[in-house]
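Chemist: Pasting a structure here, questions to come.
In structure tokens form, the structure reads like this:
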């Protein structure tokens with residue numbers, strides 16, 4: 227076993243971006259975080275950004291461990307505080323590219339206040355939010371995004387809170403780049419992270435991801451691959467979608483894509499503008515005038531461009547991309563950049579092979595109006611084997627160990643507290 | 051401690067008439083602080099306002115965060131990105147900061163936090179004075195932590211001790227807390243800011259050696275270890291988890307003991323070097339008044355009156371609150387008949403005095419909670435009683 231690990235460490239294409247001396251990692255088989263980290267590492271490589279200038283900040287939780295595995299300057303902070311720590315880093319040294327990598331419980335639950343304020347300020351941060359609808363590290367409790375009726379260890383009879391739709395929240399708060407993908411869309415995740423690394427302003431990338439150990443198991447939704455199938459069946463690609471229509475119902479449709487990309491001055495740019503008015507042209511921040519900083523930034527941009535060019539010149543063996551189905555047509559609202567970005571259709575050939583399904587009606591769903599788009603997906607879901615997209619009622623009724631025969635109807639629950647509710651999770655806290 | 055002359059850009063040399071809050075901001079700027087993140091709260095807000103006003107001309111960054119939790123979190127990030135950092139608050143805000151004060155202790159992040167104490171508990175009396183957060187400063191965060199706390203008694207000392215706080219913080223890589231009070235914070239007095247070349251500051255010490263030898267920590271119970279700066283290419287990792295010297299998580303009982311011992315002994319083991327006291331006629335005194343902050347200035351009147359009555363009274367003013375001057379109290383215990391401890395709380399530091407006196411001298415608490423300074427007469431009465 228250990229020799230396998232050594233072999234893996236030596237041969238991994240990610241050896242330069244991951245801390246191989248910290249492998250193996252703690253994440254469960256089927257968890258989506260690992261593939262997000264891979265996407266991130268790949269995006270960093272492709273972006274051409276100097277790895278020395280990247281700082282990764284995480285909060286607490288399963289995703290919070292990302293900071294400990296990536297081979298960049300990295301800070302593992304307290305629960306929910308990754309964003310303010312990242313804010314401090316960015317403002318203390320504007321040359322750094324600061325990435326926050328954390329979970330939805332950390333970012334939108336305990337850290338929700340920081341999340342909205344960083345977006346409001348258009349703080350120049352890349353925020354990658356792994357949204358698995360559960361607090362994994364502590365044993366599968368309900369989170370601010372857990373969809374209605376899902377069972378969690380603290381909602382043993384089904385969730386009855388209203389969840390956040392993170393793209394809507396971020397849009398309202400002022401984020402200037404908002405994308406959502408699922409673990410199935412790893413290339414799109416890479417693409418989005420790459421774009422975010424290269425742009426200025428607050429970028430928020432949500433990745434819906436499976437937690438097989440807790441969320442999926444407790445809801446009898448199968449394993450990680452089953453959930454990928456669900457993503458395939460239920461994802462609707464819609465760049466520029468109205469963020470008010472991105473809510474996620476329990477095992478329901480998931481609108482994915484790049485929803486927002488706009489430009490407005492970042493916190494630092496606004497601060498510079500104010501200070502230069504006040505102090506004059508010799509205004510300095512940390513001993514550097516604005517023209518000096520701009521010149522440095524320009525030089526760095528050129529270096530990035532050169533690295534990117536060198537990278538693209540390399541013969542790319544990964545051109546299985548060519549075999550992929552045609553790109554989904556970019557919607558009208560998508561920013562001009564979208565045209566050149568290689569957004570793929572949600573259907574991933576590898577996963578297709580894995581799941582052994584027919585082509586999902588991806589292309590059709592993406593282009594026409596939302597109403598029309600919603601229908602074929604529903605059909606697809608209905609057609610899918612029960613195991614994969616079982617209606618929630620059935621799932622609940624079918625559970626053996628979770629609360630017997632109590633679905634969304636709470637009445638029955640009131641009296642008999644089920645004795646043998648959870649013998650299941652004994653996660654460390 | 052290696053020191054250099056202060057950067058003149060942050061030093062507003064000359065005589066000023068300013069309050070303690072403003073003097074704290076000036077002290078920070080003089081010491082080389084170029085990053086301030088804070089949240090408004092009476093009676094500390096003036097420090098933030100002063101820093102915000104001065105930041106553009108000095109070339110510093112000021113940001114008003116969404117709360118105190120975020121403020122201190124931003125300091126941690128900024129400190130590891132290479133800046134000297136500070137914030138200011140009072141009790142309710144300090145309570146929020148306590149979470150990441152623990153992270154700062156654990157990650158050995160230098161920072162200065164001024165707590166301009168107001169009357170509590172809870173929201174209390176925002177505009178009234180207090181010395182009620184003495185214990186919170188040390189025992190606020192969960193787990194075993196050691197911090198340094200200094201207690202100025204005047205606006206001039208607010209300036210001087212803020213510079214000192216930065217120096218200690220940089221050298222020991224520990225949060226240093228300025229425990230002042232509303233009275234000193236809002237009291238206007240003459241403050242003389244020396245020329246920059248007369249202000250000695252400890253510069254940020256960033257690691258610059260070979261990458262394979264780079265360690266963010268060294269668990270030898272000493273100060274003086276370099277920080278690692280983000281962006282320098284060392285790919286450091288820091289965490290609030292129990293960690294090894296590389297900064298990687300290593301949450302075992304054995305490693306926990308190593309880390310906690312280091313954190314505690316780094317301060318306790320160097321207490322003699324850190325502690326500063328202001329003593330007046332303590333040798334041969336029958337009664338020693340132990341006081342700090344604004345209370346020490348009230349006590350002066352009582353001490354003078356008692357001396358006129360022929361009582362041999364000494365004054366021991368605590369400039370350094372934490373680590374506590376165990377040794378000095380221990381030396382005086384048994385020689386003096388009694389310690390008199392006036393403070394604007396229900397009796398906090400008096401417990402430390404009792405502990406260190408070990409029953410060899412009487413310890414009389416002159417506690418005065420509620421939100422006002424003492425009437426000197428009350429302290430005088432206590433001195434008389436102590437002398438009996």
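Protein chains in written order, with the numbering used here: chain A, 227 to 655; chain B, 51 to 438.
Backbone N, C-alpha and C define an ideal beta-carbon position, used for all residues, glycine too.
Source: prediction; values computed, not measured.
#1: List, from N- to C-terminal side, the alpha helix (DSSP H) runs of 4 residues or more that fit wholly inside the stretch 170-199 of chain B.
#2: Excluding five sequence neighbours on each side, which residues of the same chain lie with their C-beta closer than 6 Å to the C-beta of residue 412(A)?
#3: Give me the chain B residues within the contact set of residue 343(A), using Cβ-Cβ distance strictly less than 8 Å, ordered along the chain.
#4: Roughly how many angstroms separate the alpha carbons of residue 236(B) and residue 468(A), rounded to a whole number?
#5: Give me, in chain order, the residues of the same chain whose beta-carbon lies closer than 6 Å to that of residue 246(A); leave out the 5 immediate sequence neighbours on both sides.
#6: List, from N- to C-terminal side, the beta strand (DSSP E) runs of 3 residues or more that fit wholly inside the stretch 256-307 of chain B.
#7: If contacts are defined as beta-carbon pairs under 8 Å, then residue 328(A) and residue 284(A) qualify, I think. What distance do you get, rounded to the angstrom?
#8: What three-state label does DSSP hand residue 147(B) in the structure shown?
#9: Closer than 7 Å, Cβ to any Cβ of chain B: which residues of the stretch 487-502 of chain A, in chain order?
#10: What residues are listed by DSSP as bridge partners for residue 161(B)?
#11: Within 10 Å of its beta-carbon, does residue 441(A) have 16 or more other beta-carbons around it, so buried, or fewer, so exposed?
#12: Per DSSP, what kind of secondary structure is residue 276(A) in: helix, strand or coil?
#13: Could you list the residues in the stretch 268-286 of chain B with a C-beta less than 9 Å from some C-beta on chain E, going in chain order?
#14: Can a CB atom of chain B be found closer than 8 Å to the CB of residue 314(A)?
#15: Might you give, ordered along the chain, the residues of its own chain that have their beta carbon closer than 6 Å to the beta carbon of residue 498(A), omitting 5 neighbours on each side?
#16: Determine, for residue 332(B), whether the minimum Cβ-Cβ distance to residues of chain A falls below 8 Å.
#17: If you drop the 5 nearest sequence neighbours on each side, which residues of the same chain put their C-beta closer than 6 Å to that of residue 419(B)?
#18: State the beta-bridge partners of residue 329(A) as determined by DSSP.
#19: Any beta-carbon of chain A closer than 8 Å to the one on residue 246(B)?
#20: Write down the C-beta distance between residue 376(A) and residue 365(A) rounded to the nearest angstrom, noting that I regard them as a contact closer than 8 Å.
#21: Give the residues from the stretch 124-156 of chain B that approach chain A closer than 9 Å (Cβ to any Cβ), ordered along the chain.
#22: With H, G and I counted as helix, E and B as strand and the rest as coil, what does DSSP make of residue 524(A)?
#23: Could you list the residues in the stretch 298-325 of chain A with a C-beta less than 7 Å from some C-beta on chain B, going in chain order?
#24: Where DSSP assigns a beta bridge to residue 83(B), which residues make up the other side?
#25: Residue 428(B): buried (16+ other C-beta within 10 angstroms of its C-beta) or exposed?
#26: Kindly list, in the order they appear in chain A, the residues whose Cβ is closer than 7 Å to that of residue 84(B).
#27: So residue 178(B) and residue 422(B) are in contact, right, with Cβ under 8 Å, and what is the actual spacing, rounded?
#28: Does residue 416(A) come out as helix, strand or coil in the three-state DSSP assignment?
#29: How long is the line joining the alpha carbons of residue 297(B) and residue 132(B), rounded to whole angstroms?
#30: Given a cut-off of 8 Å, decide if residue 157(B) and residue 288(B) are closer than it, judged by their beta-carbon atoms.
#31: For a quick check, are the C-beta atoms of residue 412(B) and residue 377(B) less than 8 Å apart?
#32: Give a yes or no on contact between the stretch 84-104 of chain B and the stretch 215-228 of chain B, applying the rule of three or more CB pairs nearer than 8 Å.
#33: In the DSSP assignment, what residue or residues form a beta bridge with residue 417(B)?
#34: Based on Cα-Cα distance, which residue from 276(A), 500(A), 531(A) and 527(A) lies nearest to residue 105(B)?
#35: Taking residue 341(B) as part of the beta strand (DSSP E), name the residues at either end of that continuous run.
#36: When DSSP labels each residue in this structure, what does residue 240(B) get in the three-state scheme?
Modeler: The relevant details are as follows:
#1: 184-189
#2: 261 and 265
#3: 115, 116 and 120
#4: 52 Å
#5: 235
#6: 287-289
#7: 5 Å
#8: helix
#9: 501
#10: 225(B)
#11: buried
#12: coil
#13: Absent from the structure is chain E; the protein chains it does hold are A and B.
#14: yes
#15: 516
#16: no
#17: 395 and 396
#18: 356(A)
#19: no
#20: Residue 376(A) to residue 365(A), Cβ: 15 Å. No contact.
#21: 124, 125, 126, 127, 128, 129, 130, 131, 132, 133, 135, 149, 150, 152 and 153
#22: helix
#23: 298, 299, 300, 301, 302, 303, 304, 307, 310, 311, 312, 313, 314, 315, 317, 318, 319, 321 and 322
#24: 134(B)
#25: exposed
#26: 512
#27: 7 Å
#28: helix
#29: 18 Å
#30: yes
#31: no
#32: no
#33: 393(B)
#34: 500(A)
#35: 337-341
#36: strand
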